[in-house]
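Positions -9 to 287 (the working numbering) are the ones given, in order, by the sequence shown.
Worksheet for the structure shown next.
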Amino acid sequence: MSKWKVWLSAMRLRTLPLSLAGIILGTGLAAAEGFFDIKIFVWAVWTAVSYQILSNLANDYGDGLKGTDKNRVGPQRVVQSGLVSRDEMKKALIINVIIALILTVLLLKTAFPEAGIIFYVYLVLGLFAIWAALKYTVGKHAYGYMGLGDLFVLIFFGWVAVIGVYFLYVKQWDQMIFLPATAIGLLSVSVLNINNMRDLENDRKAGKITLAVQLGRTSAEKYQRAIIILSFLLMLYFTIERLHSFWQFSALAVYVPLFIHLFKLRPGEPLTYNKALKQVSLLTFLFSVVYAITLNL
């Protein structure tokens, strides 16, 4: 495998659509109220992508250092396999932190050209996002090893992505936006939970105490059902309360295959988890796109 392909593998480009779901939904919500700026959208997309790639590289590095990936079922990790050295990955992380910082500043300068107090609040939030991307698996107190990954995914893939981007356009708070933000965050959490259910036994042996490890497989599957059902109910309520077009209800049809996947998971069959990971991730992205479009019909 060429070095270029190795780095592309480490970046895990298949995870990028999920990282953009909240950005797209937040943009659609703002556009439905007459607020849209193509420059903000472009910079927001690139910033979200930079955070996700940074997180993927950091996860590869952190799990590789801890030996967590030795018997993992998912895609091969490049540090654990020796395709990329620890020093090379550390340099890549530094470069990606710099890129993420630059993109964050460009996004905020576009949204808040006067650089007032909100600019600096968002800058601190951006620094926190970069810290969170690194600390999921890196360091002695990595929060991904303490069962906090689900909470951080809800915060950053849901609340920060949707509410944060919505505010960049509209410049004011709307408490109702918390509902779709939580809904898309929960769908992102469900993707992480599938990943953690797949790697449950390996993570337990490696000392990576994810929420799935804490719950056990049976309860983790119940948790999976609960968060997807709650996500649907939140979107249904929001749609009823903020109906711009009856087409919004058609977007909720994307939840049908999300419900169906719950009955296709087979404990002890890793391939079903790998398939579900791709499916739920892409369906979450698809839902954000379809719902954003139907909001503006």
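Just so it is clear, CB atoms sit at the ideal spot from N, CA and C, and this is done for glycine as well.
For my contact list, TRP163 and LEU93 are in at a C-beta cut-off of 8 angstroms; report their separation, rounded to the angstrom.
-> The residue labelled residue 163 in the question sits at position 173 within the sequence shown. The residue labelled residue 93 in the question sits at position 103 within the sequence shown. Actually they are not in contact, since the Cβ atoms of TRP163 and LEU93 sit about 24 angstroms apart, beyond 8 angstroms.
For TRP33, the three-state DSSP class (helix, strand or coil) | One-based indexing of the sequence shown puts residue 33 at position 43. Looking at TRP33 - three-state DSSP - the assignment turns out to be helix.
Hey, could you find the ends of the alpha helix (DSSP H) TYR213 is sitting in?
-> On the sequence shown, residue 213 is found 223 positions in, with the first residue counted as 1. Residues 207 to 231.
Taking the alpha-carbon positions, what's the ASN185 to PHE249 distance?
-> Within the sequence shown, the letter at position 195 stands for residue 185. Within the sequence shown, the letter at position 259 stands for residue 249. Answer to the nearest angstrom: the Cα atoms are 17 angstroms apart.
Kindly give me the distance between the Cβ atoms of SER271 and PRO7, rounded to whole angstroms, as I take these residues to be in contact under 8 angstroms.
-> Here residue 271 refers to the residue found at position 281 when the sequence shown is read from its first residue. Here residue 7 refers to the residue found at position 17 when the sequence shown is read from its first residue. Contact holds; Cβ gap of about 6 angstroms.
Report yes if the C-beta distance between GLY116 and LEU98 is below 9 angstroms; otherwise report no.
-> Here residue 116 refers to the residue found at position 126 of the sequence shown. Here residue 98 refers to the residue found at position 108 of the sequence shown. Yes, Cβ-Cβ distance for GLY116 and LEU98 is below 9 angstroms.
Among LEU158, LEU182, GLN165, TYR133, which one has its Cα closest to the Cα of PHE147?
-> As a first step, residue 147 is located in the sequence shown; it is residue number 157 there, counting from the start. Comparing Cα positions, the closest option is LEU182.
For the alpha helix (DSSP H) that ASN192 lies in, which residues bound it at each end?
-> Within the sequence shown, residue 192 is the residue found at index 202, counting from 1. Here the alpha helix (DSSP H) through ASN192 covers 190 to 196.
Return the residue from the list ARG67, TYR263, LEU233 that minimises the CA-CA distance to ALA282.
-> Reading the sequence shown from its first residue, position 292 is the one you call residue 282. Nearest C-alpha to ALA282 among ARG67, TYR263, LEU233: LEU233.
CB contact flag (ALA173, VAL150, <9 angstroms) | Position 183 of the sequence shown holds residue 173. Position 160 of the sequence shown holds residue 150. No.
Quick one: using the 10 Å Cβ neighbour count with 16 as the cut-off for buried, is VAL203 buried or exposed?
-> Here residue 203 refers to the residue found at position 213 when the sequence shown is read from its first residue. Burial call: buried.
Residues near LEU201 by beta carbon distance below 6 angstroms, same chain, minus five either side | Here residue 201 refers to the residue found at position 211 when the sequence shown is read from its first residue. Answer for LEU201: GLY137, ASP140, listed in chain order.
Taking ILE295 as the reference, which of ALA20, ILE30, GLN269, ALA0 has the closest Cα?
-> Residue 295 cannot be examined here, being either before or after the span of the chain that is shown, -9 to 287.
Taking the alpha helix (DSSP H) that ALA101 falls in, what are its first and last residues?
-> Counting from one through the sequence shown, the residue named residue 101 turns up at place 111. First-last of the alpha helix (DSSP H) with ALA101: 76 to 101.
Look up SER235 in the DSSP assignment and say whether it is helix, strand or coil.
-> Position 245 of the sequence shown, counting from 1, holds the residue named residue 235. Note: SER235 maps to coil in three-state DSSP.
Name the two residues that bound the continuous alpha helix (DSSP H) containing HIS251.
-> As a first step, residue 251 must be located in the sequence shown, where it is residue number 261. From DSSP, the alpha helix (DSSP H) with HIS251 extends over 245 to 251.
Evaluate contact between the stretch 16 to 33 and the stretch 75 to 88, counting only Cβ atoms and requiring at least three cross-stretch pairs below 8 angstroms.
-> Result no; under three Cβ-Cβ pairs closer than 8 angstroms.
DSSP three-state call for MET166: helix, strand or coil?
-> Here the question's residue 166 lines up with position 176 in the sequence shown. In the displayed model, MET166 falls within a helix according to three-state DSSP.
Span separating the alpha-carbon of ARG188 from that of THR262 = Translated into the one-based positions of the sequence shown, residue 188 becomes position 198. Translated into the one-based positions of the sequence shown, residue 262 becomes position 272. Linking ARG188 to THR262 through their CA atoms gives a straight-line distance of about 9 angstroms.
Considering only residues of the stretch 97 to 165, which uninterrupted alpha helix (DSSP H) runs meet the minimum length of 4 residues and lie entirely inside it, listed in chain order?
-> The qualifying runs are 107 to 125, 139 to 143, 154 to 160.
The alpha helix (DSSP H) with ILE199 in it runs from where to where?
-> Here the question's residue 199 lines up with position 209 in the sequence shown. No residue range can be given for ILE199, since it is assigned to no alpha helix (DSSP H) and is classified by DSSP as neither H nor E.
Which whole-angstrom value describes the C-beta separation of ILE218 and LEU252, a residue pair presumed to lie in contact below a C-beta threshold of 8 angstroms?
-> On the sequence shown, position 228 is the one that residue 218 refers to. On the sequence shown, position 262 is the one that residue 252 refers to. ILE218 to LEU252, Cβ: 7 angstroms. Contact.
Report the three-state DSSP secondary structure of PHE275 (helix, strand or coil).
-> Within the sequence shown, numbered from 1, the residue matching residue 275 stands at position 285. When secondary structure is reduced to three states using DSSP, PHE275 falls in the helix class.
Report the three-state DSSP secondary structure of LEU3 (helix, strand or coil).
-> If you number the sequence shown from 1, residue 3 lands on position 13. DSSP places LEU3 in helix when its eight states are reduced to three.
So, are the CB atoms of SER235 and LEU285 less than 9 angstroms apart?
-> For this step, residue 235 is matched to residue 245 along the sequence shown. For this step, residue 285 is matched to residue 295 along the sequence shown. In contact: SER235 and LEU285 (Cβ atoms closer than 9 angstroms).
Using only alpha-carbon positions, find the residue among MET1, LEU15, VAL68, VAL155 that is nearest to LEU276.
-> Taking the sequence shown and counting its residues from 1, the one referred to as residue 276 is at position 286. Ranked by Cα distance from LEU276, the options MET1, LEU15, VAL68, VAL155 are led by LEU15.
Using the Cα positions of VAL244 and LEU73, report the straight-line distance between them to the nearest angstrom.
-> Here residue 244 corresponds to residue number 254 of the sequence shown, with the count starting at 1. Here residue 73 corresponds to residue number 83 of the sequence shown, with the count starting at 1. Cα to Cα, the separation comes out at about 38 angstroms.
By the 10 Å Cβ neighbour count, where 16 or more other Cβ atoms means buried, how is LYS(-7) classified, buried or exposed?
-> Along the sequence shown, one-based indexing puts residue -7 at 3. Around the C-beta of LYS(-7), fewer than 16 other C-beta atoms lie within 10 Å, and the residue is accordingly described as exposed.
Within the same chain, show all residues whose beta-carbon is closer than 7 angstroms to that of ALA48, passing over the 5 residues directly before and after it, in chain order.
-> As a working note, residue 48 is residue 58 in the sequence shown. Within its own chain, the residues whose Cβ lies closer than 7 angstroms to the Cβ of ALA48, once the five positions on either side in sequence are excluded, are LEU83, ALA123, LEU124, TYR126, THR127, VAL128, listed in chain order.
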